[in-house]
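The opening residue of the sequence shown carries number 0 in numbering that gives the first Met the number 0; numbering runs sequentially from there. Each residue gets a CB set at the ideal place from its N, CA and C atoms; glycine is no exception. Taking it in order: structure first as structure tokens, then the write-up.
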Amino acid sequence: MTINVKAYANADDVLIAWQPDTWPSDWVGFQLERRNNITQQTTVLSNRIPPKPGEKPVADAGISSTQSPFRRCIWTDHSVVDTDNVSYRVTAMKNGANGTFTPDPASVTAWTAPVVASGDAGGGLSAYFNRGTLMSQIVSRFVHGDTSDDALRNFVKGLSDPANQARRYLSGDALHEILAFLHDADLRGSQVHAAIYEMNDEELVGALKPFGSRGNVLLGNGSATKPNIAGELSSAGLTVKHRDLSNAGRSSPSVHNKFVVESDAHGNAIRVLTGSTNWTTTGLCTQLNNVLIIENAAIAKRFLDQWGKLVAAGNAMPPALKASNSIPTSDSDISVYFAASNGEAEFKPVLDLIKNAKDGALFLMFMPGQSPLLSALLDRAQQNDVYVRGVVSTMMASKNGNIVSVGGQVVKSGVPAQSFHDDVQLPHGVNATNEPSWADVEFSVSQIRNAGMIAIVHSKTIVIDPFSDNCAVITGSHNFSVAASEKNDENLVIIRGNKKLAQAYALHINGVYDHYSWRGYLGSGGNADQIYSLDGWKPGGGKEQELDFWMEEPVPPRPTRAGGGGGGGAAQQVSSAGGTAKKKVVKKAPKKAAEKVAAAKRTAKASVKKSAKKSAKKSVKKSAKKAKAKKPAKAKAKKTKKANAKKAKAKKAKAKK
0 MTINVKAYAN ADDVLIAWQP DTWPSDWVGF QLERRNNITQ QTTVLSNRIP PKPGEKPVAD
60 AGISSTQSPF RRCIWTDHSV VDTDNVSYRV TAMKNGANGT FTPDPASVTA WTAPVVASGD
120 AGGGLSAYFN RGTLMSQIVS RFVHGDTSDD ALRNFVKGLS DPANQARRYL SGDALHEILA
180 FLHDADLRGS QVHAAIYEMN DEELVGALKP FGSRGNVLLG NGSATKPNIA GELSSAGLTV
240 KHRDLSNAGR SSPSVHNKFV VESDAHGNAI RVLTGSTNWT TTGLCTQLNN VLIIENAAIA
300 KRFLDQWGKL VAAGNAMPPA LKASNSIPTS DSDISVYFAA SNGEAEFKPV LDLIKNAKDG
360 ALFLMFMPGQ SPLLSALLDR AQQNDVYVRG VVSTMMASKN GNIVSVGGQV VKSGVPAQSF
420 HDDVQLPHGV NATNEPSWAD VEFSVSQIRN AGMIAIVHSK TIVIDPFSDN CAVITGSHNF
480 SVAASEKNDE NLVIIRGNKK LAQAYALHIN GVYDHYSWRG YLGSGGNADQ IYSLDGWKPG
540 GGKEQELDFW MEEPVPPRPT RAGGGGGGGA AQQVSSAGGT AKKKVVKKAP KKAAEKVAAA
600 KRTAKASVKK SAKKSAKKSV KKSAKKAKAK KPAKAKAKKT KKANAKKAKA KKAKAKK
């Protein structure tokens with residue numbers, strides 16, 4: 000027997016996937032080992048799930064996968080740090096005596112090819128991520144299980160302290176790399192031009208001050224910017240400009256960029272930092288975000304030119320600016336668009352990439368509304384001919400701007416979308432019946448909201464075919480919404496052909512998807528104990544498509560299932576014999592089954608669209624107004640149609656007589 004193993008790394012994580020060519024019936028899980036290729040030290044990775052169902056949470060350090068094997072074939076190692084050079088191997092485990100486990104010596108794999116945990120993707124591109132998932136077990140451990148309001152207030156207060164342990168963990172590489180970008184630029188005597196939607200994090204503000212007259216900041220109209228920030232920067236000698244597209248102090252339409260350009264002493268642009276990360280404590284610590292650094296003079300110059308154009312436009316969006324925004328700047332397989340644009344110009348190349356995806360599409364979206372990009376991704380998910388995984392994060396605000404609900408959906412090819420929402424009895428929308436016995440208690444979303452934070456997926460990213468030479472990454476500040484394209488200041492970057500970068504973003508998306516799909520699965524009544532079964536990973540199981548994707552194998556369509564999410568659903572054998580199975584493409588379903596499939600797909604699409612639509616307050620109001628206007632007309636038409644049908648029926652009966 001052979002178990003094939005692959006490993007992929009970004010700056011923060013390594014994802015390991017393994018696939019047996021046969022499945023002996025006595026295998027119950029897997030031990031996973033990591034080797035440091037510099038020191039040759041070998042470590043058995045730990046599991047945070049106890050050996051058996053019904054047991055209490057394990058210690059903070061977890062439990063060795065020798066004692067509690069992984070009951071899955073994909074695992075993400077979060078314990079690596081930047082520059083670690085590592086390899087992995089897998090051993091199948093069997094049941095031993097007295098509730099223990101024993102390795103199957105014949106199953107031990109070779110070590111994977113070395114991977115390095117690094118943000119550097121080559122070609123002058125590097126990507127970094129934070130870990131801002133407040134609804135997570137790690138946050139529970141930071142507060143030692145005390146999820147009271149007082150504990151949360153103290154926790155939040157501590158996040159603004161640069162020495163705070165939770166801040167350092169949650170902000171991750173995103174904060175470190177923004178600070179490093181500014182520090183290195185200052186050491187070189189460079190100039191910086193920053194366009195920032197909102198800013199209140201004192202550590203980031205402090206990192207700008209050393210630039211003095213070499214620093215230039217355009218502050219947008221984000222509501223989180225503290226009143227003292229502009230004064231502090233001006234006092235330090237920086238040039239500070241303001242831009243407000245609302246012309247009324249509101250945060251929408253948004254001056255929504257988050258970029259910094261470094262230029263040399265002669266004003267020549269060298270590199271640019273962009274991405275989704277707001278320069279706020281919440282942007283760093285309580286929202287999921289990404290940072291992209293592009294060391295390309297042509298692209299950096301276009302960002303620098305944009306800074307000047309935005310300052311010159313004042314608080315307006317003149318036609319000349321929109322026309323300029325609509326024309327891409329491209330160099331070395333990197334293209335950048337800006338918004339607002341004419342005719343959603345920045346969406347057209349992205350729609351082509353989604354349409355022509357051959358293997359998979361992964362995505363994260365925040366408040367996309369009725370986005371054509373979301374619609375295109377949902378269509379691919381329904382077609383179920385490529386691997387699709389995504390998270391759509393939404394929130395609703397009241398008239399006074401307070402956040403009244405936070406939620407979203409996980410999208411998976413071949414199954415209806417599943418929701419994750421805020422308060423349903425327990426913090427993460429899971430009722431007591433489905434709450435795993437080993438899970439730590441978490442803060443509820445209402446608590447987080449009342450503390451002035453929102454737990455959202457704010458990273459805006461689409462990855463197409465990450466293992467292909469034709470791969471693509473789409474990211475930037477853009478929410479992928481029509482409103483953002485028509486009204487906001489935004490940037491959207493498309494990078495083609497860089498597999499290391501595409502895989503780095505794919506890992507980022509996969510981690511977010513896993514987090515929320517598990518909650519979606521439990522929230523929809525899924526059995527937490529199913530995590531102890533390997534059935535879903537076997538041929539014909541609900542996880543087979545996922546495994547094929549990460550093993551870089553063809554991903555044929557699977558039967559559409561009634562349930563999705565993190566649990567994987569019950570294993571559905573396509574073909575099996577003696578514990579082994581050959582994969583085969585599922586043929587056309589009978590007519591009735593096909594109708595059910597189509598109905599399920601329509602339901603999924605409508606469900607996600609509805610959720611996305613609700614996320615945009617203005618869009619909802621507009622829709623409600625239209626619906627109200629149309630309702631009497633529709634009712635009248637329906638009534639007329641009914642009366643005409645009745646008359647026709649009577650006429651027909653009379654003729655028969």
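Is Arg33 helix, strand or coil by DSSP? The DSSP-derived three-state label of Arg33 is strand.
Assign Phe365 to one of three DSSP states: helix, strand, or coil. strand
Mind checking whether Pro318 and Phe346 have CB atoms under 8 Å apart? no
Checking 8 Å against the spacing of the C-beta atoms, do Glu197 and Trp278 come in under that value? Against a cut-off of 8 Å, the Cβ pair of Trp278 and Glu197 comes out as a contact.
What's the C-alpha gap between Leu363 and Asp378? 16 Å
Please name the residue in Gly171, Val191 and Ser170 whose C-alpha comes closest to that of Phe180. Val191
How far does the alpha helix (DSSP H) with His182 in it reach, from first residue to last? For His182, the enclosing alpha helix (DSSP H) stretches over residues Gln164 to Leu186.
Among the candidates Ser212, Val204 and Ser480, whose CA atom is the shortest distance from the CA of Gln369? Ser480
Member of Tyr336, Ser331, Ser222 and Arg47 whose CA lies at the smallest distance from the CA of Ile530: Comparing C-alpha distances from Ile530 to each of Tyr336, Ser331, Ser222 and Arg47 shows the shortest one belongs to Arg47.
Is Ser458 closer than 8 Å to His514 when the C-beta atoms are compared? no
Quick one: using the 10 Å Cβ neighbour count with 16 as the cut-off for buried, is Asp11 buried or exposed? The residue is buried, with at least 16 neighbouring Cβ atoms inside 10 Å.
Per DSSP, Arg88 is paired with what? Glu32
Give the range of the alpha helix (DSSP H) segment to which Arg213 is assigned. Counting along the chain, Arg213 falls outside any alpha helix (DSSP H), and DSSP gives it neither H nor E.
Around the Cβ of Met0, are there at least 16 other Cβ atoms within 10 angstroms (buried) or fewer (exposed)? Met0 comes out exposed.
Does the separation of the CB atoms of Ala471 and Ala450 fall below 8 Å? no
Helix, strand or coil at Tyr196 according to DSSP, with G and I counted as helix: coil
Three-state secondary structure (DSSP) at His255? coil
Report whether the distance from the Cβ of Glu32 to the nearest heavy atom of the ligand MN is below 7 Å. Ligands displayed in this structure: none; no statement on the ligand MN is therefore possible.
Go through its chain and collect everything with a Cβ distance to Gln446's Cβ below 7 Å, but skip five positions before and after it. Asp148 and Leu151
If you count every other CB in all the chains shown that lies within 10 Å of the CB of Pro553, and 16 or more means buried, which is it? exposed
On the three-state DSSP scale, how would you describe Glu485? helix
Assuming Ala116 and Val13 are in contact, meaning their beta carbons sit under 8 Å apart, how far apart are those beta carbons, in whole angstroms? Between Val13 and Ala116 the Cβ distance is about 6 Å, and since that is below 8 Å, they are a contact.
Minimum C-alpha distance to Gly121 - residue among Ser532, Pro49, Asp20 and Lys499: Lys499
Return helix, strand or coil for Trp74, following the three-state DSSP convention. strand
Buried versus exposed, by CB contacts within 10 Å (16 or more), Gln40: That one is exposed.
Quick one: Cα of Val409 to Cα of Gly266, how far? 45 Å
Among residues of its own chain, excluding the 5 on either side of Ser159, which ones have a beta-carbon nearer than 6 Å to its beta-carbon? Thr280
Return the chain-ordered list of same chain residues with a C-beta closer than 7 Å to the C-beta of Leu31, the five sequence neighbours on each side being excluded. If we look at Leu31 and ignore the five residues flanking it on each side, its Cβ neighbours are Ile15, Leu44, Ser64, Phe69, Trp74, Tyr87 and Val89.
Are the beta-carbon atoms of Ala344 and Ser329 separated by less than 8 Å? no
Segment contact flag, the region 248-265 with the region 478-495, C-beta cutoff 8 Å, min 3 pairs: Yes: the two stretches touch, three or more of their Cβ pairs being nearer than 8 Å.
Can you give me the start and stop residues for the beta strand (DSSP E) that Tyr127 sits inside? For Tyr127, the uninterrupted beta strand (DSSP E) run begins and ends at Leu124 to Phe128, by DSSP.
Going along the chain, which residues of its own chain have a beta-carbon closer than 7 Å to the beta-carbon of Ala184, five neighbours each way excluded? Same-chain partners within the cutoff: Val191 and Glu261.
Ordered along the chain, which non-local residues of its own chain (more than five positions away) have a Cβ less than 6 Å from that of Pro677? Any question about residue 677 goes unanswered here, given that the chain covers just 0 to 656.
Cutting at 6 Å between CB atoms, please list the residues of its own chain near Pro56, excluding the five before and the five after it. Trp437 and Asp439
Quick one: using the 10 Å Cβ neighbour count with 16 as the cut-off for buried, is His427 buried or exposed? Confidence at His427 is low in this model, with a pLDDT of 49, below 50, so its placement is unreliable and the value that follows should be read with caution. Buried: at least 16 other Cβ atoms inside 10 Å.
From the DSSP output, in three-state form, read off Gly359 for me. strand
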